[in-house]
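Visitor: First to last, the sequence lines map onto chains W and S. Sequence positions in the first sequence follow this note's numbering and run 114 to 335. Sequence positions in the second sequence follow this note's numbering and run 30 to 392. Every residue, glycine too, gets a C-beta built ideally from N, C-alpha and C. One structure follows; several queries about it will come next.
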Amino acid sequence: MKTILETVDLVKYYGEGENQVKAIDHTSIQVNQGGFVAIVGRSGSGKSTLLHMLGGLDRPDSGEVVIGGENIFALKDEQLAVFRRRRVGFIFQDYNLIPALNVWENIVLPLGLDGKRVNQEYVMDIVENIGLAEKLHALPSMLSGGQKQRVAIARALASRPAMILADEPTGNLDSRTEMEVMTALKNCVDQYGQTLVMITHDETIAQMADRILVIEDGKVVE
Amino acid sequence: MKDYDLEKQTARRERGYIWMEGRLKGNLLKSTAGIVVFFLILYGFGLSAGSLAVLFAGALLANGVWCYLEYRREYQDYLMIFRYLEEFEAGRYEYRGDQDLLSTGIRSQIQEQLMRMGAAFGGLKERLVEEKEKTKGLVTDISHQLKTPAAALRLCFDLLEDETLTMEERQEFLKRGSEEVCKFSRLTETLLQLSRLETDMIRLEAKEDSLKETLIRAVNGVWMKAAEKEIQIEMQEFSDISVVHDVRWTAEAISNVLDNAVKYSKRGSVVQVRTVPLVSCVFIEVEDQGIGIPKKEYPEVFKRFYRGCRPEVESQEGAGVGLYLVRRILEEQGGSVRILPGHGGGTIIQMMLPKQYRQTGEI
């Protein structure tokens with residue numbers, strides 16, 4: 114299978130001398146296109162740092178992140194921003210919805226940033242798939258946690274990124290809602306042929322992945 | 030001829046094309062006509078003919094250059110698109126032209142779209158290859174599964190051929206042989222089911238139906254086995270709801286889970302079946318008081334032909350297909366399944382089905 118995401122000898126240290134924290138310590142991983150990979154680690158294991166590197170949100174001390182054949186850290190900051198907007202979708206634990214915009218506006222917001230015409234049919238398809246069709250005009254404050262995260266998922270999917278990065282997407286949800294949201298996410302990713310990389314500390318949710326990577330003290334083991 | 034010369038020649042020809050293009054000529058003609066009219070009007074106002082002539086020549090020249098450059102830019106856009114399409118036609122979907130991530134105009138949008146198209150086609154191609162590999166893998170796996178019981182049977186027959194056997198020994202081997210045949214036929218049954226589902230010979234037919242009926246059907250499948258081990262299957266009371274699902278295969282899935290629960294639980298224990306409806310989906314949870322599953326094995330048990338390696342597991346008959354089928358059946362209907370540690374040391378298998386079933390987009 115084709116590799117869509119690859120890290121080559123990635124290193125990120127924080128602090129110096131005795132206080133040095135090796136957040137990412139010479140990590141090399143590969144993710145194939147179309148899969149669902151879970152990166153599991155306890156808090157403080159460096160998993161969030163790794164995800165930030167994968168999405169180009171933060172620059173490493175050394176090493177490469179290659180997405181779809183392109184070394185993203187060879188790009189300038191402005192170029193990287195455009196690259197992220199087009200190729201990578203993000204889902205965070207605390208949803209990051211804009212409170213003043215309704216569900217539909219939140220979902221299509223990133224498309225507007227890119228000057229792209231909204232493919233209404235496609236976005237509506239996602240919305241229906243993920244069960245938000247009746248909530249399109251609701252404001253985020255009127256939604257439950259599970260619904261908010263669905264909006265965030267739809268937003269991440271709307272620009273058809275090749276890859277979705279999710280950081281503890283169900284961290285704030287109860288066990289059953291967690292399963293419901295994860296199933297919706299997984300179904301969408303399967304249907305649209307995208308690649309999902311999720312980090313979590315929760316093994317019971319990681320078992321839904323096709324592949325599990327464990328990160329410990331900045332090192333990744335299969 | 031050197032490559033350099035060839036390139037030069039191509040460029041020259043391209044310039045020729047641009048000049049020969051009808052649209053460029055049309056544009057030139059129209060704008061020239063406009064300029065002529067404009068200057069005629071100016072002349073009508075009585076401006077001196079000499080200075081007007083100079084301005085007129087200048088305007089014509091500027092217009093010519095502008096038209097040419099404009100058209101050349103369009104032509105280059107065309108070349109960019111043409112290159113992509115040509116590569117795709119030849120099956121090289123991974124072709125990527127130089128992309129400037131900072132430009133956001135129409136050209137960059139089209140290029141982005143073409144790259145995505147390439148990725149999508151490449152994905153399709155790869156999926157076909159993968160599909161083929163999967164089928165090969167299935168054939169290998171199944172033959173491998175059949176090997177062991179076949180060998181056991183053969184051993185029985187070989188032993189029976191021994192003429193020095195006593196009557197008792199003969200009886201014993203015959204009994205063992207017939208047990209092996211039974212196992213063998215159960216195994217082929219399972220494998221048949223598996224291969225049907227795997228090769229899409231069975232299409233799940235989801236229709237709106239009572240969930241309670243399906244649950245009862247599932248429990249009926251394991252009732253005898255449970256009774257033999259004096260295991261109680263407790264179904265928690267719930268008001269019946271109708272869910273869009275395939276009755277036969279969903280019952281099969283739940284039955285597989287219950288079968289595991291009975292198989293790996295002690296005599297006299299209780300298996301609980303809970304149904305929890307939420308707004309858009311329904312949860313079916315089966316909790317047993319059995320031997321449990323180590324956390325490490327959670328993702329493994331859903332793999333095809335995976336079996337735990339603890340003695341409690343190995344002593345039970347099974348091909349390692351049950352939970353794999355459960356997952357396939359539920360996912361095919363837009364649902365999912367996972368394992369949670371039970372409250373009393375056993376296992377909870379949590380199954381989820383969406384109330385509304387949406388056909389996932391298959392190619």
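Keeping to the same chain, check which residues put their C-beta closer than 6 angstroms to that of alanine 280/S; ignore five residues upstream and five downstream.
Guide: The residue labelled residue 280/S in the question sits at position 251 within the second sequence. Excluding residues within five positions, the ones whose Cβ falls inside 6 angstroms are Thr243, Arg246 and Ala247.
Visitor: Which same chain residues end up closer than 6 angstroms to glycine 110/W when comparing Cβ atoms and leaving out the 5 residues on each side of it in sequence?
Guide: Shown here, chain W extends from 114 to 335; a query on residue 110/W therefore has no answer.
Visitor: Which complete alpha helix (DSSP H) runs does the stretch 137-176 of chain W hold, if anything under 4 residues is left out?
Guide: The qualifying runs are 160-167.
Visitor: If you measure from the beta carbon of glutamate 145/W to each beta carbon in chain S, is any gap under 7 angstroms?
Guide: What you label residue 145/W is simply residue 32 of the first sequence in a count that begins at 1. Before going on, a small fix: residue 145/W reads as asparagine here, not glutamate. Cβ-Cβ to chain S under 7 angstroms: no for asparagine 145/W.
Visitor: Ignore the nearest five residues each way along the sequence and tell me which others in threonine 389/S's own chain have a CB closer than 6 angstroms to its CB.
Guide: On the second sequence, position 360 is the one that residue 389/S refers to. Confidence is the limiting factor: at threonine 389/S the pLDDT is only 47, short of 50, which leaves the residue's position unreliable and the question unanswerable from this model.
Visitor: With three or more C-beta pairs closer than 8 angstroms as the rule, is the stretch 316-332 of chain W touching the stretch 149-161 of chain W?
Guide: Because the criterion of three Cβ pairs below 8 angstroms is met, the stretch 149-161 of chain W and the stretch 316-332 of chain W touch.
Visitor: Just the C-alpha distance for glycine 169/W and phenylalanine 186/W, rounded to the nearest angstrom, thanks.
Guide: Residue 169/W sits at position 56 when you count from the first residue of the first sequence. Residue 186/W sits at position 73 when you count from the first residue of the first sequence. Cα to Cα, glycine 169/W sits roughly 7 angstroms from phenylalanine 186/W.
Visitor: Taking the alpha-carbon of leucine 270/W as reference, which of Ala297/W, Glu293/W and Ser254/W has the nearest alpha-carbon?
Guide: Along the first sequence, one-based indexing puts residue 270/W at 157. It is Ala297/W whose Cα lies nearest to the Cα of leucine 270/W.
Visitor: For a contact meaning CB atoms closer than 7 angstroms, what does phenylalanine 275/W contact in chain S?
Guide: On the first sequence, residue 275/W is found 162 positions in, with the first residue counted as 1. In the sequence as displayed, the identity of residue 275/W is alanine instead of phenylalanine. Under the 7 angstroms cutoff, chain S gives Ala148.
Visitor: Between the Cα of alanine 91/S and those of Phe74/S, Ile64/S, Val291/S and Phe117/S, spot the shortest distance and give me the residue it belongs to.
Guide: As a first step, residue 91/S must be located in the second sequence, where it is residue number 62. When only C-alpha atoms are compared, the closest one is Ile64/S.
Visitor: Please list, in chain order, the residues of the stretch 280-294 of chain W that have any C-beta partner in chain S closer than 7 angstroms.
Guide: Result list: Arg289, Met292 and Glu293.
Visitor: Under the three-state reduction of DSSP, which class applies to alanine 200/W: helix, strand or coil?
Guide: Within the first sequence, the letter at position 87 stands for residue 200/W. Checking the sequence shown, residue 200/W turns out to be arginine, not alanine. Helix, per DSSP.
Visitor: Can you tell me the Cα-Cα spacing of leucine 167/W and alanine 265/W, whole angstroms?
Guide: For the purposes of this step, residue 167/W is taken as the residue at position 54 of the first sequence. For the purposes of this step, residue 265/W is taken as the residue at position 152 of the first sequence. Leucine 167/W and alanine 265/W: Cα-Cα distance of roughly 19 angstroms.
Visitor: Assuming arginine 200/W and proline 223/W are in contact, meaning their beta carbons sit under 8 angstroms apart, how far apart are those beta carbons, in whole angstroms?
Guide: Numbered from its first residue, the first sequence carries residue 200/W at position 87. Numbered from its first residue, the first sequence carries residue 223/W at position 110. Not a contact, Cβ separation roughly 12 angstroms.
Visitor: What is the rounded straight-line gap between the Cα of arginine 172/W and the Cα of threonine 140/W?
Guide: Indexing the first sequence from 1 puts residue 172/W at position 59. Indexing the first sequence from 1 puts residue 140/W at position 27. Using only the alpha carbons, I get a separation of about 14 angstroms.
Visitor: Any C-beta of chain W sitting closer than 7 angstroms to the C-beta of tyrosine 327/S?
Guide: As a first step, residue 327/S is located in the second sequence; it is residue number 298 there, counting from the start. Judged by the 7 angstroms Cβ criterion, tyrosine 327/S is in contact with chain W.
Visitor: Applying the 10 Å Cβ sphere with the 16-neighbour rule, what's the burial state of arginine 263/W?
Guide: Counting from one through the first sequence, the residue named residue 263/W turns up at place 150. Looking at its Cβ environment, which holds 16 or more other Cβ atoms inside 10 Å, arginine 263/W is buried.
Visitor: Cβ closer than 8 angstroms: which chain W residues qualify as neighbours of serine 365/S?
Guide: Against the second sequence, residue 365/S aligns to sequence position 336. Under the 8 angstroms cutoff, chain W gives Met292, Met295, Thr296, Lys299 and Met321.
Visitor: Quick one: residues in its chain with C-beta nearer than 8 angstroms to the C-beta of glycine 364/S, no 5 flanking neighbours on either side, listed in chain order?
Guide: Within the second sequence, numbered from 1, the residue matching residue 364/S stands at position 335. Cys310, Met380, Met381, Leu382 and Pro383, listed in sequence order.
Visitor: So cysteine 310/S is in the beta strand (DSSP E); what residue range does that whole segment cover?
Guide: Along the second sequence, read from residue 1 onward, the residue named residue 310/S stands at position 281. Residues 310-316.
Visitor: Verify the CB distance criterion: does threonine 317/W have a CB-CB separation below 7 angstroms to chain S?
Guide: Your numbering for residue 317/W matches position 204 in the first sequence. Judged by the 7 angstroms Cβ criterion, threonine 317/W is in contact with chain S.
Visitor: Whose Cβ in chain S lies nearer than 7 angstroms to the Cβ of arginine 199/W?
Guide: Working through the first sequence from its first residue, we reach residue 199/W at position 86. By Cβ distance, chain S contributes Glu141.
Visitor: Assign phenylalanine 331/S to buried or exposed, taking buried as 16 or more other Cβ atoms, counted over all protein chains shown, within 10 Å of its Cβ.
Guide: As a working mapping, residue 331/S is identified with position 302 in the second sequence. It is buried - the Cβ of phenylalanine 331/S has at least 16 other Cβ atoms within 10 Å.
Visitor: Just by C-beta distance, which residues in the stretch 247-269 of chain W are closer than 7 angstroms to chain S?
Guide: Answer set for the stretch 247-269 of chain W: empty.
Visitor: Buried or exposed: where does alanine 86/S fall if 16 or more other Cβ atoms within 10 Å of its Cβ makes it buried?
Guide: The residue given as residue 86/S occupies position 57 in the second sequence. Classification for alanine 86/S: exposed.
Visitor: Does the count of Cβ pairs from the stretch 212-226 of chain W and the stretch 240-252 of chain W closer than 8 angstroms reach three?
Guide: Yes: the two stretches touch, three or more of their Cβ pairs being nearer than 8 angstroms.
Visitor: Measuring only the C-alpha atoms, how far is glutamate 335/W from phenylalanine 111/S?
Guide: Here residue 335/W refers to the residue found at position 222 of the first sequence. Here residue 111/S refers to the residue found at position 82 of the second sequence. Glutamate 335/W and phenylalanine 111/S: Cα-Cα distance of roughly 43 angstroms.
Visitor: Compare the Cα-Cα distances from threonine 376/S to each of Val302/S, Ala348/S, Tyr335/S and Asp34/S and report the closest residue.
Guide: As a position in the second sequence, residue 376/S is number 347, starting the count at 1. Considering only alpha carbons, the answer is Val302/S.
Visitor: Below 7 angstroms between beta carbons: does that hold for glutamate 293/W and threonine 313/W?
Guide: Taking the first residue of the first sequence as 1, we reach residue 293/W at position 180. Taking the first residue of the first sequence as 1, we reach residue 313/W at position 200. No; because the gap between Cβ atoms is not below 7 angstroms, this pair is not in contact.
Visitor: Output the distance between the C-alpha atoms of leucine 240/S and isoleucine 270/S, rounded to the nearest integer angstrom.
Guide: The count along the second sequence starts at 1 and reaches residue 240/S at position 211. The count along the second sequence starts at 1 and reaches residue 270/S at position 241. Going by the C-alpha atoms only, they are around 6 angstroms apart.
Visitor: What residues in its chain sit with their C-beta under 6 angstroms from that of isoleucine 392/S, if we drop five residues either side in the sequence?
Guide: Translated into positions along the second sequence, residue 392/S becomes position 363. Confidence is the limiting factor: at isoleucine 392/S the pLDDT is only 32, short of 50, which leaves the residue's position unreliable, though a coordinate-based value still follows. Within the same chain, isoleucine 392/S has no close Cβ partners at all.
Visitor: So isoleucine 325/W contacts chain S; which residues on that side make the cut at Cβ distance below 8 angstroms?
Guide: In the first sequence, the residue the question calls residue 325/W occupies position 212. The contacting residues are Pro328.
Visitor: Tell me histidine 314/W's beta-bridge partners as DSSP assigns them.
Guide: The residue you call residue 314/W lines up with position 201 of the first sequence. Answer by DSSP bridge pairing: none, since histidine 314/W is not bridged.
Visitor: DSSP three-state call for aspartate 190/W: helix, strand or coil?
Guide: What you label residue 190/W is simply residue 77 of the first sequence in a count that begins at 1. Three-state result, aspartate 190/W: helix.
Visitor: If we call anything under 7 angstroms between Cβ atoms a contact, is leucine 53/S one with tyrosine 107/S?
Guide: Counting from one through the second sequence, the residue named residue 53/S turns up at place 24. Counting from one through the second sequence, the residue named residue 107/S turns up at place 78. The answer is no: Cβ separation not under 7 angstroms.
Visitor: Suppose contacts are defined by Cβ-Cβ distances below 7 angstroms. Is alanine 290/S in contact with valine 315/S by that definition?
Guide: Taking the first residue of the second sequence as position 1, residue 290/S is located at position 261. Taking the first residue of the second sequence as position 1, residue 315/S is located at position 286. Closer than 7 angstroms, so yes.
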